[in-house]
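Under numbering that gives the first Met the number 0, the first residue of the sequence shown carries the number 0, and numbering increases by one thereafter.
C-beta atoms are modelled at their ideal positions from N, C-alpha and C, and glycine is treated no differently.
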Amino acid sequence: MKEENIMAKLEDKMNGNFQAVCFRIEQGILNSSVSASLEEKSDFHMDGVNCAVRVFECYSYTGNNRLTLTVIIFGKDDGPVEISGITTGGRQAVLFKINTFGEDAFLDKLRKVLNDIR
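This is the structure:
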């Protein structure tokens, strides 16, 4: 898994059936928290390549705010599937970020789901 410290972001690549990976990510995130919800989704198919965008939201008790997790899943029906997850919403200051625990915790839920899929 490729991770960057600039923001709460996770990128991963795995082999598997595209639709099955999408389903397991959706169900895994929704079952990871009583406040998690799938706010919107979009699916694209072109020339044998699929792209799924999922936007989840949950309440962060530590940050006392709501967070979003955007997951992009990209790949062919059967083969390598690339996943990118980015969380946002954990800001408690006007000019800079403080208390990003909620963002990191929401991203950890995706990390756990991806590890479970393996």
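Item: Chain-order list of residues whose beta-carbon lies under 6 Å from that of D103 (same chain, five-residue window excluded); Value: A7
Item: Range of the contiguous beta strand (DSSP E) that encloses A51; Value: 48 to 59
Item: For T86 and D115, the rounded distance between their alpha carbons; Value: 20 Å
Item: Reduced DSSP category for K108 - H, G, I as helix; E, B as strand; rest coil; Value: helix
Item: Chain-order list of residues whose beta-carbon lies under 6 Å from that of S31 (same chain, five-residue window excluded); Value: K108
Item: Own chain partners of N4 with C-beta closer than 8 Å, once the 5 adjacent residues on each side are dropped; Value: Caution applies to N4, whose pLDDT of 46 falls short of 50 and renders its modelled position unreliable; the model cannot decide the point.
Item: Enclosing alpha helix (DSSP H) for V80 [first to last residue]; Value: It is not in any alpha helix (DSSP H) - V80 instead sits in the beta strand (DSSP E) that spans 77 to 87.
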